[in-house]
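Taking full-length UniProt numbering, I'd label the letters of the sequence shown as residues 241 to 990. The structure under discussion appears below in the form of structure tokens.
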Amino acid sequence: AVQRIADIQLKRSKLPIFAEEVPIVEAINENAVVIVSSETGSGKTTQIPQFLYEAGYTSNGHLIGVTEPRRVAAMSMAERVGIELNDPAKVSYQIRFEGNRTDDTKILFMTDGVLLKELRNDSMLWKYSVIIIDEAHERSMYSDVLIGLLSRICFLRAKKSVPLKLIIMSATLRLTDFTQKKLFPVLTPKIVKVESRQFEVQVHFERKTPDDFVEAVYKKVCNIHEKLPDGAILVFVSGQNEVKKLIHHLSGRYPLKGKNKGGHLQKKKAKAIEAKETVKLANFADQAQALLDGKTDVKPEIPTEKVRPDIDEHGAADCDLLEDDEDEETLFGGNLAPPPPGMSPLFCLPLYSLLPSIKQQRVFAPPPEGTRLCVIATNVAETSLTIPNVKYVVDSGKEKRRDYDPITGVSQFNVHWISQASAEQRSGRAGRVQAGHAYRLYSSALFEDFDKFSAPEILNKPVDQLVLDLKAMNILKIANFPFPTPPNVDQLAVAEKRLTLLGALTLPPKQTEAKITPLGKTLSLFPLSPPFAKVLAMANQHDLMPYAIYLVSALSVREPMSHVAREGLGNDSIAAQKRMKAILKQRHTWCGIGQSRRLGDLSVLLKALGAADFGRMTPQECENLGLRFKAVVEIRKMRRQLVNLINTSCNLKHEITIEAELPPPTEEQCRQLRQILIACLPNQIAKRVNESPDGSPVPDGAYQCQLLEEYVFIDSTSMLHKDRPDFILYQEIVQFGPKKCFQNVTMVEP
Ligand code: ADP
Ligand code: MG
241 AVQRIADIQL
251 KRSKLPIFAE
261 EVPIVEAINE
271 NAVVIVSSET
281 GSGKTTQIPQ
291 FLYEAGYTSN
301 GHLIGVTEPR
311 RVAAMSMAER
321 VGIELNDPAK
331 VSYQIRFEGN
341 RTDDTKILFM
351 TDGVLLKELR
361 NDSMLWKYSV
371 IIIDEAHERS
381 MYSDVLIGLL
391 SRICFLRAKK
401 SVPLKLIIMS
411 ATLRLTDFTQ
421 KKLFPVLTPK
431 IVKVESRQFE
441 VQVHFERKTP
451 DDFVEAVYKK
461 VCNIHEKLPD
471 GAILVFVSGQ
481 NEVKKLIHHL
491 SGRYPLKGKN
501 KGGHLQKKKA
511 KAIEAKETVK
521 LANFADQAQA
531 LLDGKTDVKP
541 EIPTEKVRPD
551 IDEHGAADCD
561 LLEDDEDEET
571 LFGGNLAPPP
581 PGMSPLFCLP
591 LYSLLPSIKQ
601 QRVFAPPPEG
611 TRLCVIATNV
621 AETSLTIPNV
631 KYVVDSGKEK
641 RRDYDPITGV
651 SQFNVHWISQ
661 ASAEQRSGRA
671 GRVQAGHAYR
681 LYSSALFEDF
691 DKFSAPEILN
701 KPVDQLVLDL
711 KAMNILKIAN
721 FPFPTPPNVD
731 QLAVAEKRLT
741 LLGALTLPPK
751 QTEAKITPLG
761 KTLSLFPLSP
771 PFAKVLAMAN
781 QHDLMPYAIY
791 LVSALSVREP
801 MSHVAREGLG
811 NDSIAAQKRM
821 KAILKQRHTW
831 CGIGQSRRLG
841 DLSVLLKALG
851 AADFGRMTPQ
861 ECENLGLRFK
871 AVVEIRKMRR
881 QLVNLINTSC
891 NLKHEITIEA
901 ELPPPTEEQC
911 RQLRQILIAC
921 LPNQIAKRVN
931 ESPDGSPVPD
941 GAYQCQLLEE
951 YVFIDSTSML
961 HKDRPDFILY
971 QEIVQFGPKK
981 CFQNVTMVEP
């Protein structure tokens, strides 16, 4: 039996799911497929895996698998359940780059993509007795596909000695999406709804939707803190930058006692230290460069001093990239009167997905004595992480989404109004422990215009990798696959066409469905988009592999280069301008000459990451050079995983080791890397436009790419911005204001 800590047991016993242990376990014992739905925070994710563990579902050496659409959730939930079971070794996680699974693991939390890969090797999932698809209402692409696949696997395993149970867990929305006859023609899912005691939440709309939602949020939080009784505040905004800005202003207005006192003075001190350090770091960067260039007699002097005073407990220190601008300081919040004397401090914490998970965990701890907790979050806090004791919710009504054109694959981040369902989720967070209030910073008329639900991810994302994965499982006619919502036919056709051009699929004569080729099978082994996997397959010569691994890892991780250089553009602050210049200068040095320069921004990535890894740079040093430290760590993990995969599954002359220092690529290696990239990414070649076919004027520096009508420009922070070669290879198109810009540009010509 499990011996839990008394405090944990007490907390569990208060969760609505806890009282339903017997009926839930019975439903699962008696049915192959069970849908459990309840409000966010009622205990589904943390409790149901434990119920099944205690009911003996792992006693024959089988695993309980739980899939999450987000990496953050997979990691933090595994940790939490390990603590609750009082036996952390039994609960592990596995995400794209890493995991801590051992022979002792009984409960495995993983991202949905990981389980899909596992199906390749174990198509009946014999290792598992239960699969739980968590947060199914989010309709992530892979969890949708898993539900389609598992409906069949459960059917096949139902008659075997060890049946496989499928549990679909969802917040209380969109249940009918999962009960379609098409999905479950034979095994009818049993639905278990758990009512939770939800206290009343009074919803307040604005009479008129404000123009500047960040400022509106600021004023609302000030109002709540100054006028309303105790209780934590949870704020939803669109993205990381808005979170940082609000934390900066709010913790400036209501500082923690003894911290940040006389705010500006402390800031000035911090700035002085920073200036000193920047000089030191500049030297360090040169030394790291010399080291990379092979002059190994120069040893970098690694600064040991902390670059910033440690004000880190408070969210304020997470605002590193925010330039303090004295003018804005006084203007922000406009006509707000100064806070009344003796106000208690506001303990502000950020919560967004790129925040290191250790910092994410802080929201679960009680705030310091005598302060009010205020969590400023993006939509990660909407369903997967439950912040305790919230009484006030402030909802900006906004979210940032990566929009893909499903046909061209062009992606851009945009801020949108949320759906009505999301607004309800957000408001509901205020009533978990007591009656609460939700302030929606938009008008009720606008709310009526919101979409009812957000669109399933599968409709808004290229499906190439998915098609390859399904074909690798011998699912040939993808149009017939039981998707909860099928992708549209053009989307599927374009993906098959791209995969065929890549050599991953082939259409045998007199047949209607394309089949996977041996190359395609190899490509589908990698947790990479198919073209990047092909880069690796082609790099298996001339000692190119270590560089190719570096490149595809870097290009698969979100925003390896931080946008500090870009933020300097058009910014009046002298500090920001200076910073941009220094970073661009460093990047030009890294870019080099000859073939290295032709590789363009990818040379910069290679060298910058080399400097970070082999120079053992600290987080602050990375940020100062315009590299996002969390990305550097992720890239390192991804390299390690790819190296393991390649060492075990490819026949290389020499095993690759990740720790070995890598000399910069030679001229010839740069040239070959470039050729491989061009061969694998033919859709991402763009041509400079000098005159338009109809004689209309062409803007300066315009490029035409395939499948896209609009002109696109080389980003002004790119190394090749001034060269404007006739043909270029790009990695991404991002919208900045009215302009579409290429990111990570390489020359195509010889
Ligand atoms: P659901 O999956 O139904 O949304 P969860 O099982 O995620 O609910 O959460 C149940 C409770 O456990 C919530 O009150 C939440 O605050 C708490 N909880 C979750 N993770 C942690 C953690 N790391 N530390 C402390 N409490 C946590
Ligand atoms: Mg949950």
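For glycine and all other residues, C-beta sits at the position ideal for the given N, C-alpha and C. Small disclaimer: the values here were computed from a predicted structure and weren't measured.
Remark: the C-beta of S624 is in contact range of the ligand MG, defined as less than 7 Å to any heavy atom.
For S369, the enclosing beta strand (DSSP E) covers residues Y368 to I373. The shortest CA-to-CA distance from E931 to any of E950, A942 and L921 is the one to A942. Checking the DSSP bridge columns, you'll see M801 partnered with L867. Ranked by how close their Cα comes to the Cα of R397, the residues S936, S363 and F721 have S363 in first place. Among the bridge pairs identified by DSSP, K638 is matched with W657. Under the 10 Å beta carbon count, R310 is surrounded by 16 or more other beta carbons and is classified as buried.
Shown here, V426 sits in coil according to DSSP, grouped into three states, outside any helix or strand. Under the three-pair Cβ rule at 8 Å, the stretch 740–750 does not count as touching the stretch 420–439. Following the DSSP letters along the chain, one finds F772 inside the alpha helix (DSSP H) bounded by residues P770 to M778. Near the ligand ADP, meaning a Cβ closer than 5 Å to any of its heavy atoms, lie the following residues in chain order: T280, G281, S282, G283, K284, T285, T286, R320, F604, T626 and P628. Inclusion of D643 and N728 in the CB contact set at 8 Å is not warranted, their separation being larger than that value. With fewer than three CB-CB distances shorter than 8 Å, the stretch 580–600 does not count as touching the stretch 441–450. When the alpha-carbon of M350 is set against those of G676, A313, K631 and W830, the nearest one is in A313. Looking from the CA of F693, the closest CA among R879, Y297, S662 and Y632 belongs to S662. Relative to the non-hydrogen atoms of the ligand MG, the Cβ of D955 never comes closer than 7 Å to any of them. Below 8 Å, enough C-beta pairs join the stretch 865–873 and the stretch 835–849 to call them touching: three or more. The straight-line gap separating the alpha-carbon atoms of E266 and K460 is approximately 47 Å.
Between the alpha carbons of A685 and C945 lies a distance of about 41 Å. The residues P328 and V331, in chain order, have a CB closer than 6 Å to that of G322 in the same chain once the five nearest residues on each side in sequence are set aside. Put simply, the backbone Cα of L468 is about 11 Å away from that of G676. With a beta-carbon spacing of about 11 Å, V457 and A617 fall beyond the 8 Å limit used to define contacts. Remark: C-beta atoms of L706 and M381 approach each other more closely than 8 Å. Using a Cβ-Cβ distance cut-off of 8 Å, the stretch 365–385 and the stretch 601–616 are not in contact, since fewer than three pairs of beta carbons, one from each stretch, lie closer than that value.
A contact between stretches requires three or more CB pairs, one per stretch, nearer than 8 Å, and the stretch 667–683 meets this requirement with the stretch 625–641. Contact between the stretch 968–981 and the stretch 910–928 is established, with three or more Cβ pairs separated by less than 8 Å.
Not one heavy atom of the ligand MG sits closer than 7 Å to the Cβ of E324.
In this structure, the beta-carbon distance from L404 to I371 falls below 8 Å. By the Cβ-count criterion, I245 is exposed, with fewer than 16 other Cβ atoms from all chains shown falling within 10 Å of its own Cβ. The residue among A712, V262 and D730 with its C-alpha nearest the C-alpha of P758 is A712. If you draw a straight line from the Cα of V938 to the Cα of L768, it is about 37 Å long. F291 sits in a helix when the DSSP states are folded into three classes. Under DSSP, T986 shares a beta bridge with L969. Shortest Cα-Cα distance from R911 to any of A815, G840, E688 and V242 involves G840.
For E375, the shortest C-beta to heavy atom distance toward the ligand MG is below 7 Å. Under the three-pair Cβ rule at 8 Å, the stretch 283–303 counts as touching the stretch 254–261.
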